[in-house]
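S.K.: Final position of the sequence shown in the UniProt record's numbering is 476; the numbers increase by one with none missing.
Provided herewith is a single structure, encoded as structure tokens, for subsequent inquiry.
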Amino acid sequence: MADSKHKRYKHNEKHNDTKKDSKVAQESRNVKPKNVESKIHIDKAAKVAKTAIIKGNVNIESGVEICDYAVINGTNGDVKIAANAKIEHSATINGNVKIGKNARVGSGAVICGNVEIKENASISNGASIFGNVKISKDSNIANFATIVGDVDIESSVFVGAHSVISSVTHIDYAEFINNAHNMESRNADSKENHANQNSQNLDSKNAQDSKKLQNLDSNILSPTHNPIKESQTPHHNNTKNHITIGANTYIYNNVSIYGDTQIGKNNKIFPNATLGTPPQDLKYNGEKTTLQIGDNNLIRESCMFNPGTQGGGSLTKIGNNNLFMAFVHIAHDCIIGDNNILANNATLGGHIVIENYVNIGGMTPVHQFVKIGEGAMIAGASALSQDIPPYCMAEGNRAKIIGLNRFRMRKIMERDIIDSIDALYKRLFSGEQPLRDLAAMELEVAKSKKNPHIIKICEFILESTRGIPFKRGEND
């Protein structure tokens, strides 16, 4: 009889334990944990982990999943997380942040400031986004990438792992690291409390979590907290800089993009390229200057492009459909046209103008202020210090004109036009008269005959500031 009562007692105890476990499990699925405040709206169909911390003005829509130890802080703005978005383990969202439908914020990612992430965008594990940032739909920010400042990323852009996109060029990194350490310590405390939750009363644990949240330093990753120290910057204001990355641009791992840089659509930027860092000019004193890159360019490994300087127009401009092979350097205030090819280690000094369909061979330096005309070709391992007119070929150290780029001319000109240009060059470079005098006479004839190609060549020679290098006669 005693054994029967004992068995019934054990059965009832087991049944009660099962009910208790079921109740705890049901509570763990509760979409509104107790460590939140009344300003928060969480849809009933959302899933919020009990260890997540949510505070301030937060709106979480249907189907959203907030995972363990995530921090959603709307005390410095309004946080809105649209339907079916996912905020993964230990991610932090702070400020005036909008997360679009089906977007994903990876584990350990930090989003802070006035940030908008559109639908289907993905912010991968460990990525950091600070400032006034917009990431358009279907874009992907890979692991541990950093985006800082005033940045617009258009649709379907990929930013590779460990890449840096920053319109801000002066940061107090010591303070930045300290803030990150404080947030990491908070997450560690939260994990420790979770490990001891079985031995604590649930209401007591929630009260402790709320107290911790109240004690968070309001400066930690706050969008109103400016990490830029005025004493560390030149006289200008870095916040005026703006970065735009055009749609369908693919940025590989370890790329750095800085300053005031505009990049167009469908570009591919390969590992270790550095774009927009301050110009290598001793006269530069922190003025706002710009790097502008067009569409459909291939920028290969370890290329370096600098923005302009105040004395040179404040702009470095690159056109469309160009190929820049590995280690190409484009210095400040250069103007590059369309459909050009610069081979490996081609190096441009400042203030250089390259027109369209130019081909510069590998290991070739070009002196500052040089101009290279349309369709010209410069042989590899040359050194160019003077201007090269349209459709010319040049080689040597120092490079001199050796003929015409007939390969390019045959693609765009009829045979009679090619013959007329060939005859023109023979007259110009005969050495019988000064080059400028001949070019002026040929220009008058070309204008009377309305020959645009001859007009272009003659005007180029007359406007040259560096001189035209050729082998016969004097260079005027």
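Just so you know, even glycine gets a beta-carbon here, dropped at the ideal spot from N, CA and C.
All figures in this text were calculated on a predicted structure; none of them were measured in a lab.
DSSP on residue 425, reduced to helix/strand/coil?
M.R.: Residue numbering aside, residue 425 sits at position 425 when the sequence shown is read from its first letter. Reduced to three states, the DSSP call for residue 425 is helix.
S.K.: Apart from the five residues just before and just after residue 456, which ones in its own chain have a Cβ nearer than 7 Å to its Cβ?
M.R.: Your numbering for residue 456 matches position 456 in the sequence shown. Once the five neighbours on either side are set aside, the close Cβ partners of residue 456 are 390.
S.K.: Would you mind working out which of 123, 393 and 440 sits nearest residue 137, comparing C-alpha positions?
M.R.: As a working note, residue 137 is residue 137 in the sequence shown. Comparing Cα-Cα distances from residue 137 to each of 123, 393 and 440, the minimum goes to 123.
S.K.: To the nearest angstrom, how far is it from the Cα of residue 259 to the Cα of residue 152?
M.R.: Position 259 of the sequence shown, counting from 1, holds the residue named residue 259. Position 152 of the sequence shown, counting from 1, holds the residue named residue 152. Cα-Cα distance, rounded: 13 Å.
S.K.: Is the distance from the Cβ of residue 40 to the Cβ of residue 53 below 8 Å?
M.R.: One-based indexing of the sequence shown puts residue 40 at position 40. One-based indexing of the sequence shown puts residue 53 at position 53. No.
S.K.: How would you write the range of the alpha helix (DSSP H) that residue 445 sits in, first residue to last?
M.R.: Position 445 of the sequence shown, counted from the first residue, corresponds to residue 445. Unbroken alpha helix (DSSP H) run through residue 445: 435 to 449.
S.K.: Tell me whether residue 403 is buried or exposed, calling it buried when 16 or more other Cβ atoms sit within 10 Å of its Cβ.
M.R.: Taking the sequence shown and counting its residues from 1, the one referred to as residue 403 is at position 403. Exposed, because fewer than 16 other Cβ atoms sit within 10 Å of the Cβ of residue 403.
S.K.: I'd like the ranges of any beta strand (DSSP E) spanning at least 3 consecutive residues and lying wholly in the stretch 266 to 334.
M.R.: You should have 290 to 293 and 315 to 318.
S.K.: Are the Cβ atoms of residue 271 and residue 252 separated by less than 8 Å?
M.R.: The residue you call residue 271 lines up with position 271 of the sequence shown. The residue you call residue 252 lines up with position 252 of the sequence shown. For residue 271 and residue 252, yes; Cβs fall inside 8 Å.
S.K.: Note down the Cα distance separating residue 440 from residue 458, rounded to an integer number of angstroms.
M.R.: Along the sequence shown, read from residue 1 onward, the residue named residue 440 stands at position 440. Along the sequence shown, read from residue 1 onward, the residue named residue 458 stands at position 458. Approximately 7 Å between the Cα atoms of the pair.
S.K.: Using a 10 Å radius around the Cβ and a threshold of 16 neighbouring Cβ atoms, would you call residue 397 buried or exposed?
M.R.: For this step, residue 397 is matched to residue 397 along the sequence shown. Burial call: exposed.
S.K.: Contact defined as beta carbons within less than 8 Å: I believe residue 131 pairs with residue 149. What is the distance between those atoms, to the nearest angstrom?
M.R.: Taking the sequence shown and counting its residues from 1, one reaches residue 131 at position 131. Taking the sequence shown and counting its residues from 1, one reaches residue 149 at position 149. About 5 Å separates the two Cβ atoms, so the contact holds.
S.K.: Between the Cα of residue 77 and the Cα atoms of 108, 86 and 58, which residue gives the shortest distance?
M.R.: Residue mapping note: residue 77 aligns to position 77 of the sequence shown, counting from 1. Residue 58 is the option with its Cα nearest to residue 77.
S.K.: Taking residue 331 as the reference, which of 369, 325, 428 and 465 has the closest Cα?
M.R.: Numbered from its first residue, the sequence shown carries residue 331 at position 331. Residue 369 is the option with its Cα nearest to residue 331.
S.K.: With distances taken from CA atoms, which of 118, 255, 366 and 290 is nearest residue 300?
M.R.: As a first step, residue 300 must be located in the sequence shown, where it is residue number 300. Nearest C-alpha to residue 300: 255.
S.K.: Can you grab the Cα-Cα spacing for the pair residue 392 / residue 433, in whole Å?
M.R.: Position 392 of the sequence shown, counting from 1, holds the residue named residue 392. Position 433 of the sequence shown, counting from 1, holds the residue named residue 433. Computed Cα separation, rounded: 20 Å.
S.K.: When the distance is taken between beta carbons, is residue 261 closer than 8 Å to residue 246?
M.R.: On the sequence shown, position 246 is the one that residue 246 refers to. On the sequence shown, position 261 is the one that residue 261 refers to. Against a cut-off of 8 Å, the Cβ pair of residue 261 and residue 246 comes out as no contact.
S.K.: Return the chain-ordered list of same chain residues with a C-beta closer than 8 Å to the C-beta of residue 356, the five sequence neighbours on each side being excluded.
M.R.: Position 356 of the sequence shown, counting from 1, holds the residue named residue 356. The residues are 319, 337, 338, 339, 340, 374 and 375.
S.K.: Could you pull the DSSP bridge partners for residue 158 from this structure?
M.R.: Working through the sequence shown from its first residue, we reach residue 158 at position 158. Looking at the DSSP assignment, residue 158 forms a beta bridge with 140 and 250.
S.K.: Rounding to the nearest angstrom, what Cα-Cα distance links residue 325 and residue 453 in this structure?
M.R.: For the purposes of this step, residue 325 is taken as residue 325 along the sequence shown, with counting starting at 1. For the purposes of this step, residue 453 is taken as residue 453 along the sequence shown, with counting starting at 1. Their Cα atoms are separated by approximately 30 Å.
S.K.: Which residues mark the beginning and the end of the beta strand (DSSP E) in which residue 460 is found?
M.R.: Counted from its first residue, the sequence shown places residue 460 at position 460. Premise fails: residue 460 lies in the alpha helix (DSSP H), 452 to 463, not in any beta strand (DSSP E).
S.K.: Considering residue 147, what are the terminal residues of the beta strand (DSSP E) in which it resides?
M.R.: Numbered from 1 along the sequence shown, position 147 holds the residue referred to as residue 147. Residues 146 to 153.
S.K.: By alpha-carbon positions, which one of 407, 462, 449 and 85 ends up nearest to residue 436?
M.R.: Walking along the sequence shown from the start, residue 436 turns up at place 436. Nearest C-alpha to residue 436: 462.
S.K.: Quick one: Cα of residue 73 to Cα of residue 79, how far?
M.R.: Here the question's residue 73 lines up with position 73 in the sequence shown. Here the question's residue 79 lines up with position 79 in the sequence shown. Looking at the two C-alpha atoms, the distance is approximately 7 Å.
S.K.: Got a sec? Which residues, its chain only, sit under 8 Å from residue 308 by beta carbon, not counting five neighbours each side?
M.R.: As a position in the sequence shown, residue 308 is number 308, starting the count at 1. Contacts found: 279, 289, 290, 291, 314, 315, 316, 332 and 333.
S.K.: Tell me the rounded alpha-carbon separation between residue 468 and residue 350.
M.R.: Walking along the sequence shown from the start, residue 468 turns up at place 468. Walking along the sequence shown from the start, residue 350 turns up at place 350. Straight-line Cα distance between these residues: approximately 19 Å.
S.K.: Where residue 162 and residue 141 are concerned, what is the direct C-alpha to C-alpha distance, given to the nearest angstrom?
M.R.: As a first step, residue 162 must be located in the sequence shown, where it is residue number 162. As a first step, residue 141 must be located in the sequence shown, where it is residue number 141. Distance between the alpha carbons of residue 162 and residue 141 is about 10 Å.
S.K.: Does the Cβ of residue 133 have 16 or more other Cβ atoms within 10 Å, making it buried, or fewer, making it exposed?
M.R.: On the sequence shown, position 133 is the one that residue 133 refers to. When all chains shown are included, residue 133 counts as buried.
S.K.: In three-state terms, what does DSSP make of residue 40?
M.R.: Counting from 1 along the sequence shown, the entry for residue 40 is found at position 40. Residue 40: coil per DSSP, three-state reduction.
S.K.: Is residue 444 buried or exposed, if buried means 16 or more other CB atoms sit within 10 Å of its CB?
M.R.: The sequence position of residue 444 within the sequence shown is 444, counting from 1. Exposed, by the Cβ-count rule.
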